[in-house]
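Using my numbering, the first residue of the sequence shown is number -17, and each one after it goes up by one.
Single-structure report; data block below.
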Amino acid sequence: MKKIINTVNAPAPIGPYNQATLSNGTLYISGQIPLDPKSGELVSGDIKLETKQSMENLKAILTEAEMTFENVVKSSIFLSDMKQFTEVNEVYASYFNAETAPARETVEVANLPKFVNVEISMIAVK
């Protein structure tokens, strides 16, 4: 069985998908971009602020599923420019305990939804 997880505290999906799916104790979170769920506006102009908004969106979804970043076992970060890796990594790291941080990959891509600079997805286990 799968359970669909959605919250008003993260951006509504902009296509035929949900914010997250919970199946057998594993939460699969769709990629989150720096979209402010309250205003509906993109956070842009500063990669640190963009990363923080993406992480806050992920946090809201984890909270809705009664989980925290400690439950995250895998992250994927997609960047429009790998030169921003250090700044993104600095913000990302602030959400995790270094000793229990999840596995992760970070890749540069040609484009992202709404032409944002960062998108992050996660897998968490209860």
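Note that the Cβ used here is the ideal one computed from N, Cα and C, for glycine as well.
Source: prediction; values computed, not measured.
>> Let's test the definition: count the other Cβ atoms within 10 Å of the Cβ of residue 60 and tell me whether it reaches 16, buried, or not, exposed.
In response: One-based indexing of the sequence shown puts residue 60 at position 78. The residue in question, residue 60, is buried, as its Cβ has 16 or more Cβ neighbours within 10 Å.
>> Suppose the cutoff is 8 Å on Cβ atoms and the five residues either side in sequence are ignored; what does the same chain contact list for residue 55 look like?
In response: The residue labelled residue 55 in the question sits at position 73 within the sequence shown. Here the set comprises 84, 85, 105, 106 and 107.
> How long is the line joining the alpha carbons of residue 93 and residue 62, rounded to whole angstroms?
Replying inline: Within the sequence shown, numbered from 1, the residue matching residue 93 stands at position 111. Within the sequence shown, numbered from 1, the residue matching residue 62 stands at position 80. So the two alpha carbons sit approximately 6 Å from each other.
> How about residue 40 and residue 15: do their beta carbons lie closer than 8 Å?
Replying inline: Position 58 of the sequence shown holds residue 40. Position 33 of the sequence shown holds residue 15. Contact flag unset, no.
>> As an exercise, report each continuous beta strand (DSSP E) stretch of at least 3 residues that is fully enclosed by the region -7 to 26, in chain order.
In response: 2 to 5 and 8 to 14
> What three-state label does DSSP hand residue 108 in the structure shown?
Replying inline: Counting from one through the sequence shown, the residue named residue 108 turns up at place 126. In this structure, residue 108 counts as coil in the three-state DSSP scheme.
> Looking at the structure shown, is residue 60 part of a helix, part of a strand, or coil, going by DSSP?
Replying inline: Position 78 of the sequence shown, counting from 1, holds the residue named residue 60. Correct three-state label for residue 60: strand.
> Taking all protein chains shown into account, do 16 or more other C-beta atoms lie within 10 angstroms of the C-beta of residue 75, making it buried, or fewer, making it exposed?
Replying inline: Start at 1 with the first residue of the sequence shown, and residue 75 comes out as number 93. With fewer than 16 Cβ atoms within 10 Å of its Cβ, residue 75 is classed as exposed.
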